[in-house]
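Some notes on the structure that comes next.
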Amino acid sequence: MDENRFERIRELVNEIEPAEDAKGRILENVTYRKRKKVYRYVKYAAAAVAAVLICAAVINSGLYKEAENQNGLNVYASELDGEDWLVLPEGEKRQLSGSNETGWGYTFMLEIPEGVNWFYTQSGVSIGVDWVYITGNEIWWVVHDDSGYDFPDHMESELVIYLTDDEGNKTGRYRLILSKEEDACFVELVNESYEIEDEEPVNRPACRP
Amino acid sequence: MEIEEVFQEFGNMLYRVGVVMLRSRHDAEDAVQDTLIKYMEHKSEFESKEHLKAWLLRVNINICKNKLRFYQRHPSIPLEQLGMVYRDEEDCVLMEALMELPAKYKEIFLLYYVEGYKIREISEILKLSESAVKKRLERGREKLNELLGGHENG
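Heads up: the sequence lines are chains H and P, in that order.
This note's numbering puts the first residue of the first sequence at 23, with every later residue one more than the last.
This note's numbering puts the first residue of the second sequence at 6, with every later residue one more than the last.
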């Protein structure tokens with residue numbers, strides 16, 4: 023084949039050019055895709071930052087509550103038959119249903135953190151059977167009315183747990199309150215540790231699991 | 006290089022390849038866009054402008070071949086509709102014959118005769134062996150001869 027033909031093919035193909043509007047369209051579309059890609063990355067980055075901020079806000083707001091307190095008391099409540107235990111979070115009043123085949127009453131188990139000194143006191147109205155049993159780092163508080171009936175109205179009984187260090191300085195105070203209001207029994211765990219800073223150290227022997 | 010610079014430098018070349026491979030200005034525009042977008046997404050640096058040019062040609066040709074597979078047949082748009090009007094009848098016949106070539110010969114022709122690449126360079130761009138490139142070049146010439154001979158014979 024005549025080599026001049028290939029040279030002519032080269033010249034003819036090199037004459038093919040996009041029109042100005044086509045050039046504009048190509049560049050515009052590519053630039054749009056470039057901006058869209060940057061925008062997508064910015065959107066993802068913003069979404070990631072927003073997710074982190076939302077998580078931080080939720081955790082700090084207390085909406086997310088751990089069922090168990092890592093450094094404080096863990097308290098569990100059950101009806102007298104020891105079935106259906108529930109974890110009592112701090113600062114929340116929970117209504118309890120106290121009637122079952124065993125009788126009308128409750129069992130509470132308070133778990134003291136390992137390696138912590140503690141002691142307890144009781145106050146309020148003593149109801150029927152009200153005894154405290156200690157085993158290791160667990161305090162068992164059993165409360166029930168031995169008449170076989172519901173607790174008396176406006177009854178309130180509480181167990182107060184103090185945590186101390188080795189020098190007898192109080193480091194924490196928790197109040198477990200059992201009360202009767204308008205035919206319903208309630209229990210509440212209150213952390214009063216912030217109030218005890220200036221209290222006198224204790225000299226009484228403390229329990230230590 | 007910025008995308009605008011790449012388009013400035015190589016846009017026309019890519020467009021020409023697209024028109025010849027696809028026989029369509031509209032599709033050639035799309036192919037150029039897609040090639041530039043691939044360039045935007047390309048992570049590593051190019052050793053030189055020649056390296057970049059070869060890369061762009063390879064990507065552009067592959068995009069054109071994918072489009073052809075998608076269409077499953079060559080569109081036979083008259084050259085006039087592509088805005089390719091030639092005063093010289095022979096030029097018109099020559100371009101028509103080039104456009105009629107199968108894609109595997111067209112790409113060799115474009116790289117060898119239009120862009121001036123050597124056989125070895127074409128084999129690197131198209132990821133073919135040198136013997137395969139030579140063979141396709143030879144068969145492409147035969148096919149072009151056949152198409153031109155058919156026209157000459159009426």
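Ideal Cβ positions, reconstructed from N, Cα and C, are used throughout, including at glycine.
Since this is a predicted model, take the numbers as computed values, not measurements.
Quick one: give me the first and last residue of the beta strand (DSSP E) that residue i is part of.
{"i": "S53 (chain P)", "result": "Note, S53 (chain P): premise wrong, no beta strand (DSSP E); not H, not E."}
{"i": "R116 (chain H)", "result": "K115 to L118"}
{"i": "N36 (chain H)", "result": "That residue, N36 (chain H), is in no beta strand (DSSP E); its alpha helix (DSSP H) goes E25 to N36."}
{"i": "E10 (chain P)", "result": "Element bounds for E10 (chain P): not the beta strand (DSSP E) but the alpha helix (DSSP H), I8 to L27."}
{"i": "L108 (chain H)", "result": "L108 to L110"}
{"i": "V212 (chain H)", "result": "A206 to N213"}
{"i": "V182 (chain H)", "result": "E178 to T186"}
According to DSSP, is residue i part of a helix, a strand, or is it coil?
{"i": "W60 (chain P)", "result": "helix"}
{"i": "Y98 (chain H)", "result": "strand"}
{"i": "N191 (chain H)", "result": "coil"}
{"i": "D152 (chain H)", "result": "strand"}
{"i": "E147 (chain P)", "result": "helix"}
{"i": "I199 (chain H)", "result": "strand"}
{"i": "I134 (chain H)", "result": "coil"}
{"i": "A41 (chain H)", "result": "coil"}
{"i": "T124 (chain H)", "result": "Confidence at T124 (chain H) is low in this model, with a pLDDT of 48, below 50, so its placement is unreliable and no value can be given for it."}
{"i": "Y2 (chain H)", "result": "Past the edges of chain H, shown from 23 to 231, lies residue 2 (chain H), and the structure says nothing about it."}
{"i": "L152 (chain P)", "result": "helix"}
{"i": "A89 (chain H)", "result": "With a pLDDT of 47 at A89 (chain H), under the threshold of 50, the modelled position of that residue is not reliable, and the figure given next carries that caveat. Of the three classes helix, strand and coil, the one that applies to A89 (chain H) here is coil, per DSSP."}
{"i": "L142 (chain P)", "result": "helix"}
I'd like to check one pair, residue j with residue i: are the Cβ atoms closer than 8 Å?
{"i": "R30 (chain P)", "j": "G121 (chain P)", "result": "no"}
{"i": "E210 (chain H)", "j": "K115 (chain H)", "result": "yes"}
{"i": "I15 (chain P)", "j": "I48 (chain H)", "result": "Note that residue 15 (chain P) is Phe in the sequence shown, not Ile. Taking 8 Å as the Cβ cut-off, F15 (chain P) and I48 (chain H) do not qualify as a contacting pair."}
{"i": "R125 (chain P)", "j": "E112 (chain P)", "result": "no"}
{"i": "E112 (chain H)", "j": "G146 (chain H)", "result": "no"}
{"i": "E136 (chain H)", "j": "N96 (chain H)", "result": "no"}
{"i": "K56 (chain H)", "j": "I66 (chain P)", "result": "no"}
{"i": "R32 (chain H)", "j": "V90 (chain P)", "result": "no"}
{"i": "C207 (chain H)", "j": "L118 (chain H)", "result": "yes"}
{"i": "E95 (chain P)", "j": "L152 (chain P)", "result": "no"}
{"i": "K192 (chain H)", "j": "I218 (chain H)", "result": "yes"}
{"i": "Y142 (chain H)", "j": "L200 (chain H)", "result": "no"}
Our contact map puts residue i next to residue j with C-beta atoms below 8 Å; I'd like the distance itself, whole angstroms only.
{"i": "I68 (chain P)", "j": "A36 (chain P)", "result": "5 Å"}
{"i": "V25 (chain P)", "j": "V35 (chain H)", "result": "6 Å"}
{"i": "L73 (chain P)", "j": "L27 (chain P)", "result": "7 Å"}
{"i": "F130 (chain H)", "j": "Y155 (chain H)", "result": "F130 (chain H) to Y155 (chain H), Cβ: 11 Å. No contact."}
{"i": "A102 (chain P)", "j": "L149 (chain P)", "result": "6 Å"}
{"i": "L142 (chain P)", "j": "I130 (chain P)", "result": "Actually they do not touch by this definition, with Cβ atoms about 14 Å apart."}
Taking residue i as part of the alpha helix (DSSP H), name the residues at either end of that continuous run.
{"i": "A102 (chain P)", "result": "E94 to E105"}
{"i": "S128 (chain P)", "result": "I124 to L131"}
{"i": "H166 (chain H)", "result": "H166 (chain H) -> not in any alpha helix (DSSP H); beta strand (DSSP E) instead, spanning E160 to H166."}
{"i": "L41 (chain P)", "result": "R30 to E46"}
{"i": "A108 (chain P)", "result": "A108 to F114"}
Next item on the list: Tell me, please, whether the stretch 26 to 34 of chain H touches the stretch 8 to 21 of chain P by the rule of three or more beta-carbon pairs shorter than 8 Å.
Entry: In this structure the stretch 26 to 34 of chain H does not touch the stretch 8 to 21 of chain P; the number of beta carbon pairs closer than 8 Å is below three.
Note to self: Is it the case that the stretch 153 to 160 of chain H contacts the stretch 189 to 197 of chain H, given that we only count it when at least three CB pairs across the two stretches are under 8 Å?
What the structure shows: Touching, no.
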